[in-house]
Amino acid sequence: MLTCAGCARPPGRAQLDRQLPPPPAFAKSVEVQEPRVGEYLLVIAARERAGRQLANARIDAFSGWYLDLQKRLGGAAATEAVSK
2 MLTCAGCARP PGRAQLDRQL PPPPAFAKSV EVQEPRVGEY LLVIAARERA GRQLANARID
62 AFSGWYLDLQ KRLGGAAATE AVSK
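All residue numbers for the sequence shown refer to our numbering, where the first residue is 2 and numbers rise by one.
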């Protein structure tokens, strides 16, 4: 009789390892500094600052989703917080 390795397991559900690593480095917020008065191209600096704030909001939302998923899957690192 021919038996394949996929079929040769004990009866019942197989235990899956669902450990997720900590969030990736890009999921950390970036520092947003106030534009300096009289800074060259202040309008551009303000626009760039607004873009970084929007990016941080997205990164924070991703980090929250990732940590929630990690917790729901029972990951050991689920209690770690993303440092800001």
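Glycine residues also receive a C-beta, built at the ideal position from the N, C-alpha and C atoms. These numbers come from a predicted model, not from an experiment.
Open item on the list: Quick check on P25: buried or exposed, where buried means 16 or more other Cβ atoms within 10 Å of its Cβ?
Closed with: Counting the other CB atoms within 10 Å of its CB gives P25 a total below 16, which places it among the exposed residues.
- [ ] Kindly indicate which residue of R19, V31, I45 has the alpha-carbon position closest to the one of Q54.
- [x] Of the candidates R19, V31, I45, the one whose C-alpha sits nearest the C-alpha of Q54 is V31.
- [ ] Let me know the secondary structure DSSP gives E35 once reduced to three states.
- [x] Residue state, collapsed to three classes: coil.
Open item on the list: Just checking: is the beta-carbon of L42 within a distance shorter than 8 Å of some beta-carbon in chain B?
Closed with: The question asks about chain B, but that chain is absent: this structure has only one protein chain.
Open item on the list: If I follow the unbroken alpha helix (DSSP H) through E49, where does it start and stop?
Closed with: Taken as a continuous stretch (DSSP letters only), the alpha helix (DSSP H) holding E49 covers 43 to 73.
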